[in-house]
Ligand code: FBP
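In the working numbering, the protein residues as written are 45 to 611.
As structure tokens, this is what we get:
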């Protein structure tokens with residue numbers, strides 16, 4: 045823990061996160077209802093998760109209930125990419141455990157799931173946790189992206205937990221990490237081990253959501269941070285009037301962050317991968333779309349502008365998607381061999397012979413660095429897309445096209461572009477009020493679900509567009525969120541990433557106004573996240589959450605942010 049604190053850190057440490065009224069007043073009981081499953085892989089999931097499948101949804105409602113007050117030792121692990129508020133999940137968990145029984149203990153596993161496998165841990169005492177309240181980052185215990193699925197790893201986890209007397213584990217993570225939680229819960233129950241597992245939905249990408257989990261934590265703070273930065277660039281752009289800014293925004297697959305930032309700042313162009321995929325667009329089509337926008341603005345005398353590009357775009361382009369699928373198949377069999385080839389041209393030669401002619405052409409047209417990144421997968425089989433500089437690729441392709449149009453006289457304006465990538469800037473920010481409250485509540489609820497004796501659940505949260513007092517908390521069985529997907533050549537159970545719904549209110553609100561944003565300078569400058577001040581400035585949730593799930597209670601009086609649900 046760093047001993048030098050900024051003035052803001054000192055003030056922020058005093059913040060008391062808000063809990064829903066029921067939990068704050070301790071006036072709740074747990075009710076259960078049948079979970080409706082719409083997974084296409086029900087039979088496979090039932091077969092692979094016989095002890096977890098078919099559990100009911102759990103929800104805390106007003107009433108008198110009783111939960112166990114026995115002292116317990118609980119383990120907690122942070123998993124996957126950082127997201128603002130992870131420390132507050134731990135604080136909420138610890139406070140709820142201690143409120144029930146002062147003798148309960150919290151053990152933090154170090155460096156992600158590998159910490160459980162290897163038995164690396166530290167005790168999280170109230171004194172230790174005190175310095176981390178309302179701070180960003182995952183540095184309290186670190187994180188990691190290890191997959192826990194092999195029997196020997198599951199067994200190693202069991203041994204570690206039992207040796208520490210830990211009877212329950214809280215896994216804080218995204219889709220892959222909550223899948224880990226499901227595998228552990230099933231393994232422990234199937235083998236008669238008395239260890240409970242509860243997951244907490246995390247990821248700045250905002251793609252771990254469904255009707256029971258309205259948003260993952262971290263999305264609010266990260267997208268507001270990116271909106272601040274992108275808004276600042278809008279102001280620079282309209283002041284200098286000489287650059288097009290191509291801004292790539294993090295979010296491995298889904299474009300939720302890009303859509304949210306677009307709703308916040310009103311850029312001239314925002315590419316949404318899900319729409320690109322739905323309309324079968326290729327890389328040249330996207331270039332056409334951008335060139336058309338550049339030309340329109342040039343005709344209006346504006347040789348500047350802002351373009352938002354989602355990190356995951358390449359995977360959604362019809363031509364590149366096919367290439368990625370073919371590369372995936374090659375890697376399934378040849379990955380070890382390819383990794384022995386240190387010379388990029390040897391790698392390319394090997395790949396070329398195995399690709400179809402169309403994909404070989406698409407692969408050959410990509411810059412060397414992108415070709416190399418497309419050959420890397422993480423332990424869950426995901427492409428390392430944050431390392432692909434799509435914004436630079438698009439600048440080059442648009443530039444080539446514009447230069448050609450200049451020589452033929454079709455383009456008479458000017459075109460100069462700058463590239464930006466916002467990702468890591470937003471993942472460890474001190475959580476916004478929403479995320480500080482939400483993460484604390486998630487941790488608090490995880491403890492309640494454990495005290496109720498549940499296992500194989502992820503904390504659920506609805507009514508989130510309303511004030512924290514009214515949030516509805518509970519648990520959704522992890523197995524009910526699983527489906528089967530091809531990962532590294534094998535069908536695996538995974539939680540499906542929730543992509544942007546092109547028929548949903550958030551996207552439709554954007555689509556209604558984007559033509560106006562292209563030509564007019566309708567930019568909005570959200571400014572930095574505010575922690576102290578009036579509710580509409582400090583407590584408003586994301587536009588996405590308000591448009592998809594709420595009635596905009598907190599933003600009602602901010603007329604400039606006109607995003608309204610589309611009819
Ligand atoms: P999670 O899904 O684990 O929350 O990770 C989110 C993310 O920030 C993605 O947006 C990004 O593509 C990726 O992590 C980057 O991973 P890394 O931290 O390994 O560079």
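No residue lacks a Cβ here, since even glycine has one placed at the ideal position from N, Cα and C. No experiment lies behind these values; they were computed from the predicted model shown.
In terms of alpha-carbon separation, which member of 434, 261, 277, 234 lies closest to residue 417?
Looking up residue 417 in the chain shown gives position 373. It is 434 whose Cα lies nearest to the Cα of residue 417.
Taking 7 Å as the line, does the beta carbon of residue 50 fall inside it for any heavy atom of the ligand FBP?
The residue given as residue 50 occupies position 6 in the chain shown. Answer for residue 50: no, Cβ out of range of the ligand FBP.
Span of the alpha helix (DSSP H), counted from its first residue to its last, around residue 551
As a working mapping, residue 551 is identified with position 507 in the chain shown. 549 to 563 is the extent of the alpha helix (DSSP H) around residue 551.
Is the distance from the Cβ of residue 214 to the Cβ of residue 118 below 8 Å?
Counting from one through the chain shown, the residue named residue 214 turns up at place 170. Counting from one through the chain shown, the residue named residue 118 turns up at place 74. Yes, these two residues count as a Cβ contact at 8 Å.
Exposure label - residue 428; buried when at least 16 CB within 10 Å
Against the chain shown, residue 428 aligns to sequence position 384. That one is exposed.
State the DSSP-derived secondary structure class of residue 237, mapped to helix, strand or coil.
Position 193 of the chain shown, counting from 1, holds the residue named residue 237. Coil at residue 237, not helix or strand.
Option nearest residue 613 by Cα separation, candidates 210, 251, 463, 459
Nothing about residue 613 can be reported from this structure: the residues present for the chain run from 45 to 611 only.
Presumed contact (8 Å Cβ cut-off) between residue 127 and residue 471, rounded CB distance:
The residue labelled residue 127 in the question sits at position 83 within the chain shown. The residue labelled residue 471 in the question sits at position 427 within the chain shown. At roughly 6 Å, the Cβ-Cβ gap stays under 8 Å, so residue 127 and residue 471 are in contact.
Do the CB positions of residue 256 and residue 520 come within less than 8 Å of each other?
Within the chain shown, the letter at position 212 stands for residue 256. Within the chain shown, the letter at position 476 stands for residue 520. Taking the C-beta atoms as reference points, residue 520 is found nearer than 8 Å to residue 256.
Would you kindly work out how many angstroms separate the C-alpha atoms of residue 289 and residue 452, rounded to a whole number?
If you number the chain shown from 1, residue 289 lands on position 245. If you number the chain shown from 1, residue 452 lands on position 408. The alpha-carbon atoms of residue 289 and residue 452 are separated by roughly 25 Å.
Going along the chain, which residues of its own chain have a beta-carbon closer than 6 Å to the beta-carbon of residue 204, five neighbours each way excluded?
As a working mapping, residue 204 is identified with position 160 in the chain shown. So the list reads 160, 163, once near-sequence residues are dropped.
Check for me: the alpha helix (DSSP H) holding residue 398 runs from which residue to which?
As a first step, residue 398 is located in the chain shown; it is residue number 354 there, counting from the start. From DSSP, residue 398 is part of no alpha helix (DSSP H); its letter is neither H nor E.
Within this structure, are the beta carbons of residue 29 and residue 438 separated by less than 8 Å?
Residue numbering for the chain in the displayed model covers 45 to 611; residue 29 lies beyond these limits and cannot be assessed.
Which value, in whole angstroms, describes the spacing of the CA atoms of residue 316 and residue 168?
Stepping through the chain shown from its first residue, residue 316 is reached at position 272. Stepping through the chain shown from its first residue, residue 168 is reached at position 124. Cα-Cα distance, rounded: 41 Å.
Does at least one heavy atom of the ligand FBP sit under 7 Å from the Cβ of residue 124?
Start at 1 with the first residue of the chain shown, and residue 124 comes out as number 80. Result yes, Cβ under 7 Å from the ligand FBP.
Report all residues from its chain with a CB closer than 8 Å to the CB of residue 368; omit the five preceding and five following residues, and keep chain order.
Sequence index remark: in the chain shown, residue 368 carries index 324 (1-based). 358, 359, 418, 427.
Between the C-alpha atoms of residue 343 and residue 227, what's the straight-line distance to the nearest angstrom?
Numbered from 1 along the chain shown, position 299 holds the residue referred to as residue 343. Numbered from 1 along the chain shown, position 183 holds the residue referred to as residue 227. Looking at the two C-alpha atoms, the distance is approximately 57 Å.
What did DSSP end up calling residue 246 once you bin it into helix, strand or coil?
For the purposes of this step, residue 246 is taken as residue 202 along the chain shown, with counting starting at 1. Residue 246 falls in the strand class under three-state DSSP.
Cβ atoms of residue 129 and residue 586: under 8 Å apart, would you say?
What you label residue 586 is simply residue 542 of the chain shown in a count that begins at 1. What you label residue 129 is simply residue 85 of the chain shown in a count that begins at 1. No, these two residues do not count as a Cβ contact at 8 Å.
Same chain only: Cβ atoms within 8 Å of residue 284, ignoring 5 sequence neighbours per side
As a working mapping, residue 284 is identified with position 240 in the chain shown. Taken in chain order, the residues that qualify are 348.
Apply the 10 Å Cβ neighbour rule to residue 393 and answer buried if 16 or more other Cβ atoms are within range, or exposed otherwise.
The residue given as residue 393 occupies position 349 in the chain shown. The C-beta of residue 393 has fewer than 16 other C-beta atoms within 10 Å across all chains shown, which makes the residue exposed.
Taking 8 Å as the threshold, find out whether the region 235 to 252 comes into contact with the region 207 to 223 through three or more Cβ pairs.
With the cut-off at 8 Å, the region 235 to 252 and the region 207 to 223 touch.
In chain order, what residues of the same chain have a beta carbon less than 7 Å from the beta carbon of residue 325, not counting five sequence neighbours either side?
Along the chain shown, read from residue 1 onward, the residue named residue 325 stands at position 281. Answer for residue 325: 361, 362, listed in chain order.
Hey, would you say residue 487 sits closer than 8 Å to residue 103, going by beta carbons?
Against the chain shown, residue 487 aligns to sequence position 443. Against the chain shown, residue 103 aligns to sequence position 59. Contact: no.
Would you kindly work out how many angstroms separate the C-alpha atoms of residue 239 and residue 73, rounded to a whole number?
Within the chain shown, numbered from 1, the residue matching residue 239 stands at position 195. Within the chain shown, numbered from 1, the residue matching residue 73 stands at position 29. So the alpha carbons of these two residues sit roughly 23 Å apart.
Distance cut-off 7 Å: residue 259 Cβ against heavy atoms of the ligand FBP
Mapped onto the chain shown, residue 259 falls at position 215. The ligand FBP has no heavy atom closer than 7 Å to the beta-carbon of residue 259.
The ligand FBP and residue 317: does any heavy atom of the ligand fall closer than 7 Å to the residue's C-beta?
By 1-based counting over the chain shown, the position of residue 317 is 273. No, Cβ of residue 317 sits at least 7 Å from all heavy atoms of the ligand FBP.
Within the continuous beta strand (DSSP E) that includes residue 528, where are the two ends?
Against the chain shown, residue 528 aligns to sequence position 484. First-last of the beta strand (DSSP E) with residue 528: 526 to 531.
Consult DSSP for residue 612 and reduce its assignment to one of helix, strand or coil.
Nothing can be reported for residue 612: it is not among the residues displayed for the chain, which extend from 45 to 611.
Per DSSP, cross-strand counterpart(s) of residue 464
As a first step, residue 464 is located in the chain shown; it is residue number 420 there, counting from the start. In DSSP, residue 464 forms a bridge with 291.
What residues in its chain sit with their C-beta under 8 Å from that of residue 252, if we drop five residues either side in the sequence?
Locating residue 252 in the chain shown gives position 208, counting from the first residue. If we look at residue 252 and ignore the five residues flanking it on each side, its Cβ neighbours are 218, 219, 222, 245, 246, 260, 539, 541, 542.
By DSSP, does residue 165 sit in helix, in strand, or in coil?
Translated into positions along the chain shown, residue 165 becomes position 121. Residue 165 falls in the strand class under three-state DSSP.
Where residue 502 and residue 99 are concerned, what is the direct C-alpha to C-alpha distance, given to the nearest angstrom?
Within the chain shown, residue 502 is the residue found at index 458, counting from 1. Within the chain shown, residue 99 is the residue found at index 55, counting from 1. Rounded to the nearest angstrom, the two C-alpha atoms are 12 Å apart.
Nearest candidate by alpha-carbon position, reference residue 320, set 533, 311, 299, 304
If you number the chain shown from 1, residue 320 lands on position 276. Per the Cα distances, 299.
Close Cβ partners of residue 296 (< 6 Å) along its chain, the five nearest in sequence each way excluded
Residue 296 sits at position 252 when you count from the first residue of the chain shown. Taken in chain order, the residues that qualify are 249, 356, 429.
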